[in-house]
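Each remark here refers to the structure printed beneath this line.
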Amino acid sequence: MSRPEGSQGSCSGRAGGAEKKMLKCVVVGDGAVGKTCLLMSYANDAFPEEYVPTVFDHYAVTVTVGGKQHLLGLYDTAGQEDYNQLRPLSYPNTDVFLICFSVVNPASYHNVQEEWVPELKDCMPHVPYILIGTQIDLRDDPKTLARLLYMKEKPLTYEHGVKLAKAVQSDLNSVLHACRRMDRSPVLLGVLSPDAERSQSSF
1 MSRPEGSQGS CSGRAGGAEK KMLKCVVVGD GAVGKTCLLM SYANDAFPEE YVPTVFDHYA
61 VTVTVGGKQH LLGLYDTAGQ EDYNQLRPLS YPNTDVFLIC FSVVNPASYH NVQEEWVPEL
121 KDCMPHVPYI LIGTQIDLRD DPKTLARLLY MKEKPLTYEH GVKLAKAVQS DLNSVLHACR
181 RMDRSPVLLG VLSPDAERSQ SSF
């Protein structure tokens, strides 16, 4: 697999003079749950060392699936309450949402059902979403475990994720079905595949 390189740019692109359709993927969730790290690791093969609150950011990646190139637009959003009015401005034309929660932040887990799913259903009721559990590397971190113990809480498990996915009716099959109607399923499968080739998109 070639090393992926992300770039900021417009929502459409051309390769060899032919316009490429873009799969628009918007990432939402509480602040500081690892949304930016998730996108940067995927798009740029780089992991940010420090937490910097995101207002809005955009990465464009070309995904090669079955010998064909597809343009993937990754949109990072701010989870803080201060940006509740600004954040939905990035929602139009979205093909799929990724709702992130941290497995070491139980509050972010509960907010998926209490805040994020209601917001998406209100703004974009027909767009599918996938749940993403982040920061799994911190499940065994001594400082993180000590903090959770002090709060009388524990890291979230795989079973917690399955339970939440069922509660909010999020599953990959429904997402693929929705993307198939828009001729987007090959791109989504490529995004989820570790063997897909990714490279910087040219505009």
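Numbering (full-length UniProt numbering), first residue to last: 1 to 203.
Glycine residues also receive a C-beta, built at the ideal position from the N, C-alpha and C atoms.
- In the DSSP annotation of this structure, Thr134 is not part of any alpha helix (DSSP H); the continuous beta strand (DSSP E) holding it starts and ends at 129-134.
- For the set Glu49, Phe47, Tyr91, Asn84, the Cα lying nearest the Cα of Val27 is the one of Tyr91.
- Inside the stretch 41-86, DSSP marks whole beta strand (DSSP E) runs of 3 or more residues at positions 56-65, 68-77, from first to last along the chain.
- Secondary-structure assignment with DSSP links Lys24 through a beta bridge to Gly73.
- The shortest C-alpha to C-alpha distance from His160 to any of Thr77, Pro106, Asn93, Val65 is the one to Pro106.
- For Leu138, the CB contacts under 7 Å within the same chain, skipping 5 residues up- and downstream, are Val104, Thr144 in chain order.
- Approximately 7 Å separates the beta-carbon atoms of Val33 and Gln135; this is inside 8 Å, confirming the contact.
- Each of Ile99, Val168, Val61 was checked against the Cα of Ala78, and the nearest Cα belongs to Ile99.
- DSSP places Ser108 inside the alpha helix (DSSP H), whose first and last residues are 106-111.
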